[in-house]
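To keep things clear, I will list the structure first and then write my remarks on it.
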Amino acid sequence: MMGRDLLGIEDLDRADIEMILDTAEHMQEVGLRDVKKVPTLRGRTIVNLFFEPSTRTRISFEIAGKRLSADVVNFTPSASSLKKAESILDTAKTLDAMDPDAVVVRHAVAGVPKRIADELHAPVINAGDGAHEHPTQALLDLLTVYEEKGRIDGLTVAIIGDIAHSRVARSNIYAFLKMGAEVRVAAPPTMIPANVETLGVKAFGSLREALDGADVVMALRIQRERLADAYFPSDREYSATFGIDRAKLRFAKDDAIVMHPGPVNRGVELSHDLADHRPSVILDQVRNGVALRMAVLYLLAARHPGSKGGGWT
Amino acid sequence: MSRVLIRGGRVLDPASGRDETADVLLEEGRVVAIGPSIESRDAERLDATGCWVTPGFVDLHTHLREPGQEYKEDVGSGGRAAVAGGFTTVACMANTSPVNDDPSVTDFILDRARQDSPARVLPVAAATKGLDGQVMTEMSALVDAGAVAFSDDGHTIMDSGVQRRVFEYSRMVSKPVIVHAEDRSLVRDGVVNEGPVSTRLGLPGNPAAAETVHVARDIQLAALTGAHVHVAHVSTAGAVELVREGRRRGVQVTAEVTPHHLTLTDEATLGFDTNTKMAPPLRSAEDVRACREGLADGTIDAVATDHAPHAVHEKEVEFTLAPPGILGLETALSVVLELVRVDELTPLQLVAALTVNPAQVLGLRAGRLEPGLPGDIVIVDPDREWVYDPAKGYSKSRNSPWAGASLQGRVIATLVDGHLVFHADRGVLLP
C-alpha cells in the first residue's frame, strides 16, 4: 500500500498504481492549456534534492511542481562533497527544519531515499537511487503504454539492456508485473543480475527470442562509462547483438512500440532512425513524465499535514 | 587465602566431557576442585543454581581499535564488553593505526590490556608490514612480544606467492595464519551477498565464489607448506565443504564462524540498514544452514565474534560507503544459544565452540575447567530474557543489528583469574 512517501514500485499495489495513473490523466489536460498552471500546490514548497547530477528528471519534476504553482527549490550538493561522504542525514535534517512539503531525492547509491525518508517529516519521492528504483519513470512508462495500447494486462514487455545496473529496469519490472503484463529481460549475461527470475521475469540471452511476440520493447541506456569494468567488449558488439533497429524489431509484434528512458546512445542500443520515429514513443514518455510527476506531487504534497490539500481546478 | 565457591550450577566442560551439577572451588585465582557438594567455610559464594558454569569464552576475532581509533573502541572498553559477554580471552586483529606489525605495537596493546582490560588480550600481529600484502613481518620478534597468530585480516593477501611465503615462514614460529578469505578481484565493489537480495536492492553483489575461490587457494597452499591456516568467519556452504574436505585430507586447516553468519541471512539487509553490512556479507539461508552443520559436525572449530566497532556517524551514511562490521562481544552467547534451543548443538558442543576449541586453535591450554588452571569461568543463565541496548553496553560503539532485540540467555557472571569481573546485576567490576 502506498504510504506517505514514494520510494519504489515494489511497495505499491495495483490499486495505488491505478490511482496515480488516473490522477496523471487529469494532469495531462493541464499541459494542453494555453496557461499551463493550476493553483493546487500554491504556497507549498518542493525541494529537488539531487545528489547525483540529472538534467532531464530534475527539469521534469521542476516543471511539474511549477505547473501546480508550488515553489520549487533545486538543491544539488556538489560532487566533491559526495565523495567526502558529507552526511546525507545531516542534509536531510537541515532541509526538514525548513519545512518543505515534499522532497524529491536522487542519489547514486541505492537506499538513500529511504534513509532520508526515515528522517524527514515531509514526504520523500525517489527520483532514482543507484540501481534500485526509479518509480516515477516506471509510472510514466505505464501511462505511455496505456495511451498506446489501452491496457497493460496481458501485454508482453521486453526490457533490453543493462538490467543489472538499471533502476529503470527494476521499477518497470515491478510495475508491469503488478499491472498484469508478462515481462522479459534480455542482455549479455554480464548485465543480467543474479537470480533475476526471482523478480518474476524470464531472462533471455538472445534478442530475437526476447522480442518474439513482444508488444512493448524497452531499450535501456548502456552505461558506457562502465566500459573500464568490461561488461561488454565494445559498442559495435553490443549494437550487433542487442542494439535494436527496424530489422530486428520485426521479431516483435507488428504493432510493437519502442521505449527508452533517455538519453539514447544513438547507434548503440537504438538505431538513429528508431530513436526519432515511430514506433518509438520516447518523446511521449518525456511529455507524460511531467503529468505523472504532477500527479505524484499532488497526491503526496497535498496530503502532507500542514498543507490544506484540495483538488485541481 | 582468597577462595571462591561456585555452587549448584550445571558444570559444562567440553575438554573433559563433564556435564553435571557440581560445585567449583577456586583458590588464589586457580581452579582447585570440581565436584558435588564441596564445602569451604571461608569462601566467597556464587550461587549458580539453574545456570551453566563453563570455562571463560575465548574469542579468536575482535577489533579493539587501539592504538589509533579509540573513538570506536579501546583495549579497556573492548575488554569490558568482552567480560560482559562472557569472554575472558580475546584475540585482537592488527588493523590498528599504526598497524600491529612491530613488536612495539604488540607491546603497547599488552601494556594497555594490563592497565585497563578485565579480559585477557592476545594480539594477532600483521602477516605483512603495513597490511600491504608484500613484505613479511618479523614473526619471531612479534611472537617474543606476545603475538599469538598472524593475519592481514580484511586486507586479504591476494598475491599467492606472498601468501605461500607467509605460510611457510609461520611454521618457524608455530603460529597459525588467520585468513580473511575473500578474493578482492571478485568482491570488487560488492556490499551484499550476490543473489536475489542484491538484485532486489540494486546494490553491488559479493558472490559466494569470492570466498570459496580464496579458501580453495589457501587450503592448497596450506597443503603445500604444512602451515596451520585458520579460516576466519566462514560464510558460505562452499567454504564449509572445502574446509571439511581439506581436513579429511589431513591439511592443517581450522575455521571459525560468527554468530551473525549462523543466525542472519542477507534478507536482513532488505531495509538498507548499514548495521547489516559486514565482510563477508550475510549470506543465503542455505549458507546459514551449511555453517550450522559445519559447526555441529566439527568442521568449524569455533564461534568468533568479529567484533568490529564503528562510530554512529561512520555507519549512518550511504550503504556503499559505510564501513563493514558489527559489534559482537556482548551478544554472541545469547545469539548462538538459539542453536541449542533448536537442538542443532548440544550445550557441550556450543560451549566447546566458545572455549576449548578456539583455545586449541591458538595452541593455548585454556578454555577448560581443570584443577591447576586459572579460574577463568562464566556463569550463564540460558533462559534469562533481556533486551540488548548498545547504548547501555560496554563497547564505545553501537553498530549492532540486534539493537533493541529481545534475546534469550545471558551471562550472569564472569571470573578472570578467580576474580569476579562482571555480574549481570552489578555490571563490570574493574580488575
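Going down the list, the protein sequences come from chains V and U.
Mapped onto my numbering, the consecutive letters of the first sequence carry residue numbers 16 to 328.
Mapped onto my numbering, the consecutive letters of the second sequence carry residue numbers 9 to 439.
Glycine is no exception: its CB is placed at the ideal position from the N, C-alpha and C atoms.
Just so we're clear, the structure is a prediction, and the values are computed from it rather than from any experiment.
In this structure, how does DSSP classify residue i when only helix, strand and coil are distinguished?
i      : result
E33/V  : helix
M180/U : helix
L370/U : coil
D397/U : coil
M166/U : coil
L428/U : strand
R18/U  : strand
V296/V : coil
Q152/V : helix
V50/V  : coil
V259/U : coil
D133/V : helix
C299/U : helix
S405/U : coil
T145/U : coil
I308/U : coil
P390/U : strand
A56/U  : coil
F65/V  : strand
G64/U  : coil
E35/U  : strand
L13/U  : strand
T159/V : helix
L192/V : helix
G169/V : coil
F90/V  : strand
Please report the distance separating the alpha-carbon of residue i from that of residue j.
i      : j      : result
V53/V  : F191/V : 31 angstroms
V118/V : V62/V  : 5 angstroms
P106/U : G162/U : 16 angstroms
S95/V  : G213/U : Any reading at S95/V needs caution, since the residue's pLDDT is 49, under 50, leaving its predicted position unreliable; the model's value is listed next. If I take the Cα positions, the gap works out to 26 angstroms.
R57/V  : E77/V  : 14 angstroms
T256/V : A209/V : 21 angstroms
D116/V : R19/V  : 11 angstroms
T328/V : I140/V : Confidence at T328/V is low in this model, with a pLDDT of 30, below 50, so the placement of that residue is unreliable and no value is reported for it.
Q416/U : D160/U : 35 angstroms
L232/V : L158/V : One detail in the question is off: residue 232/V reads as Val in this sequence, not Leu. Taking the straight line from one Cα to the other gives about 15 angstroms.
H431/U : V419/U : 8 angstroms
E74/U  : A79/V  : 53 angstroms
R179/U : G375/U : 24 angstroms
A30/V  : A39/V  : 14 angstroms
V124/V : R434/U : 44 angstroms
A306/V : Y313/V : 10 angstroms
D27/U  : V200/V : 58 angstroms
A135/U : A316/U : 20 angstroms
V174/U : A189/U : 15 angstroms
P131/U : L150/U : 9 angstroms
D227/V : K268/V : 7 angstroms
Which whole-angstrom value is the C-beta distance of residue i and residue j, which I expect to be below 8 angstroms?
i      : j      : result
P267/U : T313/U : 7 angstroms
Y189/V : E33/V  : 15 angstroms between Cβ atoms; not a contact.
H241/U : E264/U : 6 angstroms
V311/V : I35/V  : 6 angstroms
V325/U : R406/U : That belief does not hold up - the Cβ atoms of V325/U and R406/U are roughly 15 angstroms apart, past 8 angstroms.
G302/U : V248/U : 4 angstroms
S125/U : G94/U  : S125/U to G94/U, Cβ: 15 angstroms. No contact.
G76/U  : L118/U : Actually they do not touch by this definition, with Cβ atoms about 16 angstroms apart.
G210/U : R185/V : 6 angstroms
T244/U : E275/U : So it is not a contact: roughly 16 angstroms between Cβ atoms.
A157/U : L370/U : 6 angstroms
T277/U : V205/U : 6 angstroms
V296/U : L270/U : 7 angstroms
D250/V : V283/V : 5 angstroms
**Asked** Hey, is the segment 278–286 of chain U in contact with the segment 223–237 of chain U, meaning 3+ C-beta pairs nearer than 8 angstroms?
**Response** no
**Message:** Extract the residue ranges of the alpha helix (DSSP H) inside the segment 214–286 of chain V, only unbroken runs of 4 or more that lie entirely within it.
**Reply:** 222–226, 250–257, 261–264
**Contact the segment 11–22 of chain U vs the segment 349–368 of chain U: 3+ CB pairs below 8 angstroms** = yes
**Message:** Count Cβ pairs between the segment 203–220 of chain V and the segment 165–185 of chain V that sit closer than 8 angstroms; are there 3 or more?
**Reply:** yes
**Request:** Say whether the segment 56–67 of chain U touches the segment 384–394 of chain U, bearing in mind that this needs 3 or more beta-carbon pairs closer than 8 angstroms, one atom from each stretch.
**Result:** yes
**Request:** Specify whether the segment 396–403 of chain U and the segment 329–342 of chain U touch according to this definition: at least 3 beta carbon pairs, one from each stretch, less than 8 angstroms apart.
**Result:** yes
**Prompt:** Counting pairs of Cβ atoms below 8 angstroms between the segment 159–168 of chain V and the segment 283–302 of chain V, do you hit three or more?
**Reply:** yes
**Item:** Runs of alpha helix (DSSP H) wholly within the segment 63–117 of chain U (minimum 4 residues, chain order)
**Value:** 83–92
**Asked** Quick one: complete alpha helix (DSSP H) runs, 4+ long, within the segment 308–353 of chain U?
**Response** Those alpha helix (DSSP H) runs which fall completely within the segment 308–353 of chain U and span 4+ residues are 320–323, 340–349.
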